[in-house]
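Taking it in order: structure first as structure tokens, then the write-up.
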Amino acid sequence: MNPDIIETWAIKIAEVAAPDELDFAPLMTEAFISGGKERESLFSQKKECVLGGFGITEIMTVFPLILQSIANSSQLLTQILSPVSAIKDIQSILNEIKNKKETVSLNQSRTEALPEEFCAGLKTLLETFTDEICKSGLPKKESEVIAYRTLMRLLDNPSSSILFVNILSKPEKAKS
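The numbers in my numbering rise by one with no breaks, and the one at position 51 of the sequence shown is 51.
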């Protein structure tokens, strides 16, 4: 496991998707990868916690949900980030779509202009990300933005980000 890749990608993703959690993103990523109680602690929240705010003793964070979404979507992400992807220039397609001002759902508007053979996989990926993040209580639109920003960041450097995705998707280490 390459600690530089872990730290680099944790920071890159947090910068665009969870900037308030940037300082702790590498530590949260290490805990996520470690599994066991360390991973569980990332997702524990007390009833008095407020998402993005301080409760009596805890903060609920979004970044662990992003990591979980990446792990849960690793198969689709690997296909998208693969150098032999069916779409050679997906980032330019997504950037073009990003520039459109549409009032429909982000998932729908982001996928309508994509080639048909790629549309289903990307839509599933964005929906998986969005659903995972929505579990935290964030509104759907905000979850969609986080999902989209995360995917765009991973597409910045597919050959490196695919390594990060593979690290996150390995089965949780058993802790005794």
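Using N, Cα and C, we set each Cβ at its ideal position, and we do this for glycine too.
Check whether residue i and residue j have beta carbons under 8 Å apart
| i | j | result |
| --- | --- | --- |
| I167 | I66 | no |
| L27 | V165 | no |
| E21 | V62 | yes |
| A25 | I146 | no |
| G253 | Q79 | This structure does not reach residue 253, given that the chain is present from 1 up to 176, and the question cannot be answered. |
| S169 | W9 | no |
| L42 | P64 | yes |
Residue i versus residue j: straight-line alpha-carbon distance, rounded
| i | j | result |
| --- | --- | --- |
| K141 | E127 | 11 Å |
| R153 | P83 | 16 Å |
| K37 | A31 | 9 Å |
| Q75 | L151 | 14 Å |
| D180 | L163 | Because the chain spans 1 through 176 in this model, residue 180 falls outside it and cannot be assessed. |
| S44 | I13 | 22 Å |
| D4 | E40 | 24 Å |
| L138 | R149 | 15 Å |
| G35 | N157 | 26 Å |
Run of the alpha helix (DSSP H) containing residue i, from where it starts to where it stops
| i | result |
| --- | --- |
| E21 | Looking at the DSSP string, E21 is not in any alpha helix (DSSP H), and its letter there is neither H nor E. |
| P158 | P158 to S169 |
| T78 | S74 to L81 |
| T8 | P3 to A17 |
| K135 | Element bounds for K135: n/a, residue is neither H nor E. |
| G36 | G36 to F43 |
Whole-angstrom C-beta distance between residue j and residue i, which should lie under 8 Å
| i | j | result |
| --- | --- | --- |
| T130 | S143 | 5 Å |
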